[in-house]
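What follows is one structure encoded as structure tokens, with my remarks underneath.
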Amino acid sequence: MYFIVLQSSTAAQKAKRLLGGYKISSSVGKISTKKGCRFGIYVSGHPDKACRLLSLNGMNCIEIRNGGDAG
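In terms of our numbering, the sequence shown opens at residue 3 and continues consecutively.
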């Protein structure tokens with residue numbers, strides 16, 4: 003399970019809908035870091051592919067975190 007950090011909660015909701023169209027299962031989440039709360043989506047499988055699809059649709063993946071580092 004990977005957590006892809008996005009710019010806002012709204013961006014995470016949009017990303018979930020977008021990836022659903024490509025048959026990539028995801029869920030919206032929020033994690034707390036030293037920098038504050040970060041919003042994004044959890045995906046299993048290929049986070050790089052998910053980020054490429056999001057980038058093609060004008061969304062910016064800020065960071066990809068691995069399962070143990072996600073929360």
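Beta carbons: idealized from backbone N, C-alpha and C, even for Gly. None of the values given here were measured: they were computed from a predicted structure.
Range of the contiguous alpha helix (DSSP H) that encloses residue i
i   : result
S11 : 11-23
Buried/exposed call for residue i, threshold 16 Cβ in 10 Å
i   : result
K18 : buried
S29 : exposed
R40 : buried
I43 : buried
G22 : exposed
Given residue i as reference, the closest of the options once Cα atoms are compared
i   : options           : result
N62 : N68, G69, D50     : D50
I26 : N68, E65, S34, M3 : M3
K32 : L58, T12, L20     : T12
Limits of the unbroken beta strand (DSSP E) element including residue i
i   : result
S34 : 28-35
C39 : 38-45
I66 : 65-67
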